[in-house]
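According to full-length UniProt numbering, the sequence shown is numbered sequentially starting from 1. All C-beta atoms, glycine included, are put in the ideal place defined by N, C-alpha and C.
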Amino acid sequence: MLNRVVLVGRLVKDPDLRYTQSGKAVANFTIAVNEPFTNQNGERKVDFFDCVIWNKPAENLANYMSKGKLIGVDGSLRTRKYDNKEGKSVKVTEVLAGSVQFLESNKNNKQEAVDYPRTAPQTQSEPIDISDDDLPF
């Protein structure tokens, strides 16, 4: 079975970052995705997708992306139920994001850009002697 969602769209508002009682970061966000075609009046339909992402990617999203920024989301659909304040059962379908790609820079970052350490240059290794008969393809 397959459950995969890939979306490219713009953040409707700033991500909502929270922490669970155990200290795990979770961010909820909504993206707007334009349909690739227009209707008879020349208007494009827009779909809105509620998403959730966990842990360090949630913190990165909240710290570096804001309303209106273009992002890519790769994840899966999930449905969950909960009881609201009135005691009624509510069913929610949302995208559980496995990863989010920042497709546009945020010039007004909430934090300074992180300077990641550079990796050491790769040294050239010795060639491997493998015959074509040993390859699996």
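- According to the DSSP secondary-structure assignment, Ala-25 is paired through a beta bridge with Tyr-19.
- If you draw a straight line from the Cα of Leu-96 to the Cα of Gln-40, it comes to about 34 Å.
- Contact fails between the segment 82–90 and the segment 37–51, because fewer than three Cβ pairs, one in each stretch, are under 8 Å apart.
- For the 8 Å CB-CB criterion, Phe-49 and Val-33 form a contact.
- For Leu-96, the uninterrupted beta strand (DSSP E) segment begins and ends at 89–102.
- Under DSSP, Tyr-82 takes part in a beta bridge, and its partners are Val-90.
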